[in-house]
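Student: First to last, the sequence lines map onto chains A and B. For the first sequence, the positions run 1284 to 1346 when this note's numbering is used. For the second sequence, the positions run 317 to 730 when this note's numbering is used. Note that the Cβ used here is the ideal one computed from N, Cα and C, for glycine as well. Quick caveat, the model's predicted, so the values are computed rather than measured.
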Amino acid sequence: MKKSYTEAYEELQTLVELLENAEISVDELSEKIKLATELIKICEQKLTSTEAEVSKIIQALSE
Amino acid sequence: MEEASYNDRKIYSLSDVAQSLKSVIEQNYVRDFYVKAEISKLNYYPHSGHCYPDLVEKSGARITAQLRATIWSSDYLRIRKKFEDVTGNSLSDGLQVLCLARMTYHPSYGLSLHIKDVVPEYSLGELAKAKQETILQLQKDGVFDLNKTLAFSLLPKHIAVVSVSTSKGYEDFMSIMKQAPYPINTYLFPALLQGDGAILSISDQLKKIANMHEYFDAVVIVRGGGGDVGLSCYDNYGLASLIANFPLPIITGIGHSTNFTVSEMVAHHAAITPTDTGNFLLEKQVLFAEQLNYFQNSIAGFAGQTLISARQNIQHVSRLIKHSTDKLVLSNRQKLDYFARQLIYSSHQFINQHTHNVQLTKEKIRLLNPKNILKRGFSITSKNGEILKSSKTLKKGDVLKTLFANGETTSVVN
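Written out as structure tokens, the structure reads:
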């Protein structure tokens, strides 16, 4: 199931918190970073597609 | 004429009576006089040019006196022009007039007040008084500003037009409507717009519009090209009250140069000319378009801002993750390095210790080697292959074997 931007972003924040507080062991680190990277990618994709969509809608508005 | 009697009383012919009445009136009304009255009905006959007004006096709604009058066409033209010049109104039904008149009687046409002149200044005062009364009554009714309180449609598109299709005013108004940025649908409700009959005509059309007011955004009343005469109808209480109470905003473009009429005062907006009226509607549309544009820009701006800040957040999170990861890896690496160094150090220690021990042992072993002892001058003595550790068992004649560092020798005990 594809994550929503909000879900992905919230998950990211939790991860960052864990990382910042060094609550992640080295064993899980690479796995977690992989997950974080995927989440960031999801967010960025969502942002880019939303941006394109919004500019398309606005373009249609001003026509 | 034939003389006759009935029950000993003389019978007159109708013309006798009429003739008699005529002489009585002519004897009694020898001079012109001023009389004030209301024109109930003007009864102007365009063909002959004569007028036969019905004059009344009212007490409230009740007629207390009425009399027929005559204005001959030669007088009427002059009277009408003077009246219009002074009052801005045509002689019309419902007007209060002060007339210079003479009482006349004609056997065939009957009793009539022959009007020779009308004093327009008197009517002007009466009109002003009537206008003032209309204003006061509307204020008392609490409806004077009612039409102005109606919300005007943001984008007026369906307009009921009370006008005359052939008038200059209607033409002017429609030519402005064609320039509307958003198409405006107009529906003409034809009506008389000035003078006699205008009150009833406009009121009828307004009532018709009121019955289907949900189809319209506003009503305009436009008039033009008809001159400034006959506008006192717009001061009429009934019409003004209808406008004030109307369910739709009413815009007037009655087109005149004199004072505002009461209908214009109570209307939602009073434009002077039909062109102004049209422009008023266009301005509403332009305003709407501008607002729409503004909203559009704000939405675009807001969307852009939201995306930018979301992107910044993601970038920030990415940096945080990178930073935290680096930190985590670094700190683990440092721990690891420390352990590694500890390990190397400890193993060196361990090895050194053991090397030392081995050296010591080797030395000990070296020192304990009999060969080395022999080198230092000691020797080993044995008897029958057994090393002698005591001299007590020795007897005379025992053969002893002595081992030196560099050889051996045999000896005998004595």
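1. How far does the alpha helix (DSSP H) with residue 627 of chain B in it extend, from its first residue to its last?
2. Just to check my reading of the structure: residue 676 of chain B and residue 696 of chain B have Cβ atoms closer than 8 Å, yes? What is that Cβ distance to the nearest angstrom?
3. Within a Cβ cutoff of 8 Å, which residues of the same chain sit near residue 724 of chain B, ignoring the five residues on either side of it in sequence?
4. Under a three-way DSSP split, which group does residue 1306 of chain A fall into?
5. Got a sec, what are the start and stop residues for the beta strand (DSSP E) residue 515 of chain B sits in?
6. Assess contact between the region 562-577 of chain B and the region 588-599 of chain B, defined as three or more Cβ pairs (one per stretch) separated by less than 8 Å. Is contact present?
7. Residues of chain A with CB under 8 Å from residue 623 of chain B, in chain order?
8. Can you name the residues of chain B whose CB is closer than 9 Å to the CB of residue 1312 of chain A?
9. Along chain A, in chain order, which residues have C-beta atoms closer than 7 Å to that of residue 313 of chain B?
10. Between which two residues does the alpha helix (DSSP H) carrying residue 339 of chain B extend?
11. Does the beta carbon of residue 1303 of chain A come closer than 8 Å to any beta carbon on chain B?
12. Residue 367 of chain B bridges to which residues according to DSSP?
13. Let me see if you follow: with CB-CB separation under 8 Å, is residue 1293 of chain A close to chain B or not?
14. What does residue 605 of chain B touch in chain A if you count any residue whose Cβ is under 7 Å from its own?
15. With a cut-off of 8 Å, does the C-beta of residue 1343 of chain A fall near any C-beta of chain B?
16. Report yes or no: do three or more beta-carbon pairs, one from the region 513-524 of chain B and one from the region 373-389 of chain B, lie closer than 8 Å?
17. Along the chain, where does the beta strand (DSSP E) containing residue 433 of chain B start, and where does it finish?
18. Roughly how many whole angstroms lie between the Cα atoms of residue 508 of chain B and residue 564 of chain B?
19. If distances are taken between C-alpha atoms only, which option among B:665, B:654, B:526, B:644 comes closest to residue 561 of chain B?
20. Taking DSSP as the reference, what is the three-state secondary structure of residue 317 of chain B?
21. Is it right to say residue 577 of chain B is buried, meaning 16 or more other beta carbons lie within 10 angstroms of its own, or is it exposed?
22. Taking just the CA atoms, how far does residue 440 of chain B sit from residue 341 of chain B?
23. List the whole-angstrom C-beta distance separating residue 767 of chain B from residue 475 of chain B, where the pair is believed to meet the contact cut-off of C-beta under 8 Å.
24. Am I right that residue 660 of chain B and residue 1323 of chain A are in contact with their C-beta atoms under 8 Å? What's the rounded C-beta distance?
25. Run through chain A and tell me which residues come within less than 7 Å of residue 616 of chain B, C-beta to C-beta.
26. To the nearest angstrom, report how far apart residue 663 of chain B and residue 680 of chain B are at their CA atoms.
27. Please confirm if residue 626 of chain B has its CB atom under 8 Å from at least one CB of chain A.
28. Should residue 580 of chain B be counted as a contact of the ligand MN given a C-beta to heavy atom distance under 7 Å?
29. Quick one: using the 10 Å Cβ neighbour count with 16 as the cut-off for buried, is residue 436 of chain B buried or exposed?
30. At a CB-CB cut-off below 7 Å, which residues of chain B make contact with residue 1347 of chain A?
31. What did DSSP end up calling residue 501 of chain B once you bin it into helix, strand or coil?
32. Going by C-alpha distance, which of B:334, B:598, B:484, B:393 is nearest residue 470 of chain B?
33. Counting only Cβ pairs nearer than 8 Å, list the residues of chain A close to residue 619 of chain B.
34. Give the secondary structure of residue 478 of chain B by DSSP, where H, G and I count as helix, E and B as strand, and everything else as coil.
35. Under 8 Å between the Cβ atoms of residue 356 of chain B and residue 372 of chain B?
Tutor: Judging by the given coordinates:
1. 590-684
2. Actually they are not in contact, since the Cβ atoms of residue 676 of chain B and residue 696 of chain B sit about 26 Å apart, beyond 8 Å.
3. 717, 718
4. coil
5. Per DSSP, residue 515 of chain B belongs to no beta strand (DSSP E); it is in the alpha helix (DSSP H), 514-527.
6. yes
7. 1330, 1333, 1334, 1337
8. 641, 644, 645, 648
9. The displayed coordinates of chain B run from 317 to 730. Any statement about residue 313 of chain B would go beyond what the structure contains.
10. 330-344
11. yes
12. B:360, B:387
13. no
14. Chain A residues near residue 605 of chain B: none, gap ~12 Å exceeds 7 Å.
15. no
16. no
17. 426-434
18. 21 Å
19. B:526
20. Unreliable placement is indicated for residue 317 of chain B, whose pLDDT of 46 sits below 50; no coordinate value is reported for it.
21. buried
22. 32 Å
23. Since the first residue shown for chain B is 317 and the last is 730, residue 767 of chain B is missing from the structure and cannot be characterised.
24. With 8 Å as the limit, residue 660 of chain B and residue 1323 of chain A do not qualify as a contact, their Cβ atoms being about 40 Å apart.
25. 1341
26. 25 Å
27. yes
28. As presented, the structure is devoid of all ligands, the ligand MN included, so that no description of it is given.
29. buried
30. This structure cannot settle anything about residue 1347 of chain A, because the visible part of chain A is limited to 1284 through 1346.
31. strand
32. B:598
33. 1337, 1341
34. strand
35. yes
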